[in-house]
Structure formats: C-alpha cells, structure tokens
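Trainee: Dumping the structure here so I can ask a few things about it.
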Amino acid sequence: MLKSFKTEINPTAEQKVKISKTIGTCRYVYNFYLGHNKSLHDKGEKFMTGKSFSVWLNNEYIPNNPDKVWIKEAYSKAVKKSIEDGYTAFTRFFKHQSAFPNFKKKGKSDVKMYFVKNNPKDCRCERHRLNIPTLGWVRLKEKGYIPTTKDGWKIKSGTVSIKADRYYVSVLVEIPDVKIANNSNDGIGIDLGLKDLAIVSNGKTYKNINKSARLRKIEKQLRREQRCLSRKYENLKKGESTQKNIQKQKLKVQKLHHKINNIRTNYINKTIAEIVNTKPSYITIEDLNVSGMMKNRHLSKAVSSQKFYEFRTKLKTKCDDNGIELRIVDRWYPSSKICHCCGNIKKDLKLSDRIYRCDCGYVEDRDFNASLNLRDAKTYEIA
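Every number in our numbering is 99 more than the matching position in the sequence shown, counting from 1.
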C-alpha cells in the first residue's frame, strides 16, 4: 500500500540554489520537448516519444551544442521525469482527454524536482531530517510526520516544490496494509453548496469558511497588495520603479494567496476527518457540474473558493482508507426538489426558495432535505 506525505522543509542556502537550478532545468527541458515535437509536426516528420527524445538530447543535441552542457548538471532522474510528463501530456491530447499541452512559464507554472530511490542510502528518513539525492540531508520543519526508515517504512519516490518562497517535499511511502473494520452505522448524505460548505443528513452543518472575518480580512489585504503591484508595473513603464521592487511585491501577493489557500485546505481536511470519524457505512454525494457552474460570472468566484473537486478527491481517499463506500449520485438527480416525506417532486422550486414546503405539510430546510434524499438515493455509482 502506497501513501503520500507532504511537509515543509528547511534547506540550506546551497540546497536552495540546487533546487532552483534543477526546477529551472526541468521547466526548460519540458518546454524544449513540446517545442521540438511541434517543429517536427510542422515539417511533416514523425512524432518523437519521450524515450527517443531523451536519447537524442543526451547523445546528439548536448554534445553538438556545448552551451547546453548545463542541462547535465541537474539531477538526471528529475530531467527525465519532466520529459515523461511532456510525453504523458501529448498522449492525453492524442486521446482527446485534454487540450494541447501548454508551455510552462517561469514563476507561474507548478514545476517540481522529482527524485527516486536508487540505492539503499537514498531517501532515508529520520525524525527531523530526510536524505534526498543530490541534496543530501534536508531538515524537516514538522518533526516526526514522515514515517522513519527505522520503522521499516520505505520511501519509493518524491518531489520537492517551491511555493511563495517556501519549500515543500512530498514523498510516496510504502506502508503495510491495515485491516479495516466493517462500519455498522447508517449511511449519510452530504449536500455541498455555496451558502454552507456541507450539509450532512445527520444534522451537522459546516459553514462557509470564506465568509469568516479572518478570511475577509486577508482578502481585503490581498486586494490592497495587488493594487500596489499593478501600480508598480505602471511605474516601471515610466521608469519610476525597478524590477527588484516588483519581485518583492510579487512575493507579498504570493504569500497572501498561499495563506488563503492553506486556510481553505485545512478547513476541508478537518471537515472530512470529522465526517469520516462518525464511521458511516456509506457516504453519498452529488456529481456536481463544477465547470458549468464556473461559467456563471456571478458565482464563479464563490464556486472556485469552495474547492468542490478537492473536497471530493480527499473524501474518496479518506473513505478508501477507512473502508467506507463512497456513492456518487447523477448530477441530474433532483435531490433538492424531492419531498423526503412523501416523495413528491416540486418542479417549480426556485433557487431563492431556501425552505422546502410540500403540499403534504412537510416543511424543512432546502439543503437538509437534499442531504436526506441523497442518503436514501437508490440509483448511484460507487467511486
């Protein structure tokens, strides 16, 4: 059984330089692979796979271009992984699963330094530090979070990433299979929404964290810093500002974005953990059309800030770890319009009607009624 662990690290100045150089090389090689295949297509030549490109790069291109020798200074496995990522992106495009791969822009794209365990001395972990190939021992900020090598847990691979001038490591650990006890409790239904994050059929309601005073204060501060950044770009054209001051202001904006993202993610993690700890036999949620909801310009910001996709992904992982069946109901299932008491469908129900009133006398909150209907749904798919 494989499980991932992500935590913040505290590398030295020398290690930071190596990480930045490796990530920059990976970004360059990824873009070079995309551009090379694009030029081959324009000439009418055959597409080059990731493996053949790697051989051509090391045996032909770099020896014939001495100014590109710096590519070999980076960790070879990380460079090779960036080529594999490019090949995967092309494969998804050819299968009509995604759009044409985009070039990765410096400072904006999420490029990571990949590493893998090649020999017994690699990827060793102690309570306070982790051994990463080409970097050596790197100190961990959160001690004891990643399982240590002494406990018999093996780290297979991992990535190092940079976000808002903070360094993170994510490792894939092979852990022994754990026997999961069968849950005998009743199932629950979860209705996700914008007014509240989640309304559970057991009566528990999880508020929308984006409406809290703490987040509103940070978002107000973010708007102020973004306006300041915009003014610096305007002053740069006039010669009244410098690129160095712009980079400082950019970092301020990135840190605020990162802080907001961490608050939202932490709230989702705690919500899911609290729901799963009730040990239901199954959990039912609705298959939301998030991309369709994002097209509504009045709701797009509120929908993106709720992180519905992340909620569903993490809920599935938690359910798999605890032996809970996750049921997905079709997006066209009228969970809000069905009366939980008599089963009548109220077709004229409006979005503004927050209280569900049925002709049979049943009166209930609209979202709670939907969660009860999701819990008792008979048609579903198992995620």
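Glycine residues also receive a C-beta, built at the ideal position from the N, C-alpha and C atoms.
1. What residue range is occupied by the uninterrupted beta strand (DSSP E) comprising Val-178?
2. From Val-210 to Cys-457, what distance separates their C-alpha atoms?
3. What did DSSP end up calling Met-147 once you bin it into helix, strand or coil?
4. Exposed or buried, Phe-202, counting other C-beta atoms within 10 Å across all chains shown (16 or more means buried)?
5. So for Asp-464, helix, strand or coil by DSSP?
6. Considering just the uninterrupted stretch of the beta strand (DSSP E) at Lys-255, what are its terminal residues?
7. Could you name the residues of the same chain whose beta carbon sits closer than 6 Å to that of Lys-253, not counting the 5 residues immediately before and after it, in chain order?
8. By Cβ distance, which residues of its chain are closer than 6 Å to Gly-149, with the 5 residues on each side in sequence left out?
9. Use the C-beta contact count for Gly-143: other C-beta atoms within 10 angstroms, 16 or more gives buried, fewer gives exposed.
10. With a floor of 4 residues, list each alpha helix (DSSP H) that falls wholly inside the stretch 189-244, ordered by position along the chain.
11. Bridge partners for Tyr-78 per DSSP, in chain order?
12. Whole angstroms is fine: what's the gap from Lys-306's alpha carbon to Lys-294's?
13. Tell me the residue span of the alpha helix (DSSP H) that contains Leu-328.
14. Taking only three categories from DSSP, how would you classify Tyr-479?
15. Which of the three DSSP states is assigned to Asp-447 in this structure?
16. How would you label Leu-139, buried or exposed, when you count the other beta carbons within 10 angstroms and need 16 or more for buried?
17. Less than 7 Å between the beta carbons of Cys-222 and Thr-247, yes or no?
18. State the DSSP-derived secondary structure class of Ile-384, mapped to helix, strand or coil.
19. Per DSSP, which residues does Asp-290 bridge with? Please list them.
20. Can you tell me which of Asp-447, Ile-359, Val-428, Lys-205 puts its alpha carbon nearest to the alpha carbon of Gln-405?
Mentor: On the basis of the supplied data:
1. Taken as a continuous stretch (DSSP letters only), Val-178 belongs to no beta strand (DSSP E), being part of the alpha helix (DSSP H) at 175-193.
2. Val-210 and Cys-457 have their C-alpha atoms spaced approximately 53 Å apart.
3. Three-state DSSP puts Met-147 in coil, outside helix and strand.
4. Exposed, because fewer than 16 other Cβ atoms sit within 10 Å of the Cβ of Phe-202.
5. Here Asp-464 sits in strand by DSSP.
6. First-last of the beta strand (DSSP E) with Lys-255: 253-262.
7. So the list reads Glu-273, once near-sequence residues are dropped.
8. Its chain contains Ile-182, Glu-183, Tyr-186 as the residues whose beta carbon lies nearer than 6 Å to that of Gly-149, once the 5 sequence neighbours on both sides are disregarded; these appear in chain order.
9. Exposed, by the Cβ-count rule.
10. If one requires a minimum length of 4 residues, no alpha helix (DSSP H) run lies completely within the stretch 189-244.
11. The structure shown does not extend to residue 78, since the chain spans only 100 to 482, so no value can be given for it.
12. If you take the alpha carbons of Lys-306 and Lys-294, they lie about 8 Å apart.
13. For Leu-328, the enclosing alpha helix (DSSP H) starts and ends at 312-337.
14. Looking at Tyr-479 - three-state DSSP - the assignment turns out to be coil, as it is neither helix nor strand.
15. Reduced to three states, the DSSP call for Asp-447 is coil.
16. Residue environment: Leu-139 is assigned as exposed (fewer than 16 neighbouring CB atoms within 10 Å of its CB, all protein chains considered).
17. For Cys-222 and Thr-247, no; Cβs fall outside 7 Å.
18. Shown here, Ile-384 sits in a strand according to DSSP, grouped into three states.
19. Answer by DSSP bridge pairing, in chain order: Ile-298.
20. Minimum Cα distance to Gln-405 is reached at Ile-359.
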